[in-house]
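Residue numbers (this note's numbering), protein chains in the order written: chain A, 85 to 286; chain B, -14 to 379.
From the three backbone atoms N, C-alpha and C, an ideal C-beta is built for every residue, glycine too.
Just so it is clear, the structure is predicted and the values come from calculations on it, not from any experiment.
Structure record follows, encoded as structure tokens.
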């Protein structure tokens, strides 16, 4: 019992100990990530949906009229960031997300985000927490839209060598399709991505 | 610091540019959300009426529709027996055997007991068929109707001639023709016409074809239909041309429709009755002001002792009474663009209109009182509410 308690205490204290340690990064350090994974269509909000057609908010997986009407999809992204200080990196990310409608036609989203990442736990084992926002290009079956989007991401990564590491991430994409005058076309889509990352830092 | 300021300025410019153009775009996410499975291959045709229920040929099986729900009545296990009509409590089938074209008929119970050679070749079940003269070779691929009108004695039809791809409307080869049914038991039918027409032509009633482009490959009674923008009125037998009418520019803003005996033309929103090869008269002023799409389905509406015409457009069916009153609109749906077949007929107690669309179908009971039309008991299949069409049908 005592051994278990000691192990638990050590695990809880580990991030604090690591955070207190000498930071790995310095201003000007760079990190490059290649990410790929799956996306779940978490929710869809259509404020213009007729009540008799179904609810305004639908969530995955949903049932009947409460479905988001999209399949589980895929996502890939590349990002490049420079550390402003030992704990905060700033850069950009170019992504590509896809899934399929009920008609079997592909829907794509291309986020071009400014991405800020805090790395409170760093070294060989890291816990990056990221916020991204920027432009989003959505398209489906000949229709397209340039709008804005944002993302939140939390991950864990382990550096096998001093420069190369692998990690896993979960997050939340929120893509509002914004119109200024034609509010009838407005709706918001959200995904839950789960991804694997290969990182190179220098 | 300068780099950061430059980057911030660039981002600000991009955001401003996008923000100023926010109303461009086609509602992408709503398009995805509202898109539905492509189900047009499921419903093949409406065959007619048995016991006051519409009989639908779908998923290669037979369903009855009572105005509320579909019920599977029979499974068609042999694809070489193709149902093409429901009448007199029977389903009429066509088949090809050793290159010979044949017909038989069976009730739902008989179909469920199994259609074997003994049953099909039993004289009681065989249907006497008169084919168009000289066209047996051409019509051998006949495998069903998918757009027709029926009353007690007659069916107007278009035929599909592609067994393998029957489910794809784009691959259908259409034939013009009509069937007459006679005999006390209705077991003698005659197929008139049967001429192949291209998808660029429109079949109107049982005696008219509208041609949009010149096409000398089409022949009716050995007369090539070589003039574009013509309405060809055929003779009673459907095998020769009575006369042709110059419809005008084929910019599709003047539609032609008709019943068996009358043909109409829309010109700048007014409706004209065609009275001869070069004569027409005003029938209804302000009939429709925006009939510009060929996708609209135009159909005759038969009434006892008289005929009216109607058309599917935007939100409903418009029925034009047989007088100079404005057309009555019966709202049925907000999307008629994808109508793939339409049926209208009397089931003994009500007049039904049923149309199949890519994503399902709808029906409406049409009532007429003192010249005013209304739609009651509207049933629209909605894939969002009813789920996948295949589930609904089962």
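Looking at the backbone, the Cα of residue 263(A) and that of residue 153(A) are separated by about 22 Å.
In the assembly as shown, residue 231(B) is an exposed residue. Its beta-carbon has fewer than 16 other beta-carbons within 10 Å. Only residues of its own chain outside the window of five on either side were considered, and among them 250, 257, 258 and 259 have a CB closer than 7 Å to the CB of residue 265(B), listed in chain order.
Residue 270(B) counts as exposed, since fewer than 16 other C-beta atoms from the protein chains shown sit within 10 angstroms of its C-beta.
Excluding five sequence positions before and after residue 91(B), the CB atoms of its chain that fall closer than 8 Å to its own CB belong to 75, 76, 78, 100, 104 and 110, given in chain order. Exclusion of the five residues before and after residue 161(A) leaves 119, 177 and 179 as the residues of its chain whose Cβ lies within less than 6 Å of its Cβ.
Residue 198(A) has a beta carbon lying within less than 8 Å of a beta carbon in chain B. By the 16-neighbour rule on beta-carbons within 10 angstroms, residue 269(A) is buried.
The Cβ-Cβ distance between residue 146(A) and residue 123(A) does not fall below 8 Å. Note that the region 252 to 260 of chain A touches the region 212 to 231 of chain A; at least 3 beta-carbon pairs, one per stretch, sit closer than 8 Å. Across the set 130(A), 243(A), 238(A) and 140(A), the C-alpha of 238(A) shows the shortest separation from the C-alpha of residue 211(A). A residue is called buried when at least 16 other Cβ atoms come within 10 angstroms of its Cβ; residue 115(A) meets this threshold and is buried. For residue 198(A), the CB contacts under 7 Å within the same chain, skipping 5 residues up- and downstream, are 176, 216, 217 and 218 in chain order. In the DSSP assignment, residue 242(A) falls within the beta strand (DSSP E) that extends over 227 to 243. For residue 282(A), the enclosing beta strand (DSSP E) has its first and last residue at 271 to 285. In the DSSP annotation of this structure, the continuous segment of the alpha helix (DSSP H) that includes residue 97(B) starts and ends at 93 to 98. With a threshold of 8 Å between beta carbons, residue -5(B) makes no contact with chain A. With 16 or more other Cβ atoms from the protein chains shown falling within 10 Å of its own Cβ, residue 279(A) counts as buried. In the DSSP assignment, the residues bridged to residue 118(A) are 162(A) and 282(A).
Contact of residue -1(B) with chain A by beta-carbon distance below 8 Å involves 219.
Pairing residue 6(B) with residue 265(A), the inter-Cα distance amounts to about 10 Å. Contact check for residue 16(B) and residue 111(A): beta-carbon distance about 46 Å, past the 8 Å limit, so the pair fails to qualify. Residue environment analysis places residue 235(A) among the buried positions, since at least 16 neighbouring C-beta atoms fall within 10 angstroms of its C-beta. Boundaries of the beta strand (DSSP E) harbouring residue 67(B): 67 to 72, taken from the DSSP string. At a cut-off of 8 Å, the C-beta of residue 147(A) has no neighbouring C-beta in chain B. Take the alpha-carbon of residue 13(B) and the one of residue 276(A): they are about 19 Å apart. The C-beta distance from residue 72(B) to residue 33(B) rounds to 5 Å, short enough to meet the 8 Å contact threshold. Closest by C-alpha distance to residue 241(A), out of 128(A), 205(A) and 196(A), is 205(A).
The CB of residue 247(A) never comes closer than 7 Å to any CB in chain B; the least such distance is about 25 Å.
Across the structure, residue 246(A) and residue 194(A) are spaced so that their CA atoms are roughly 32 Å apart. As a beta-bridge residue in DSSP terms, residue 173(A) pairs with 167(A) and 201(A). Interface with chain B (8 Å Cβ-Cβ cutoff): residue 274(A) is excluded. In the structure shown, residue 135(A) adopts helical secondary structure according to DSSP, grouped into three states.
Identification of residues in the region 145 to 178 of chain A having a C-beta nearer than 8 Å to some C-beta of chain B yields 148, 149, 152, 153 and 154, given in sequence order. Looking at the DSSP output, residue 108(A) sits in no beta bridge, so it has no partner there. In chain B, no part has a C-beta under 8 Å from the C-beta of residue 115(A); the shortest such distance is about 18 Å.
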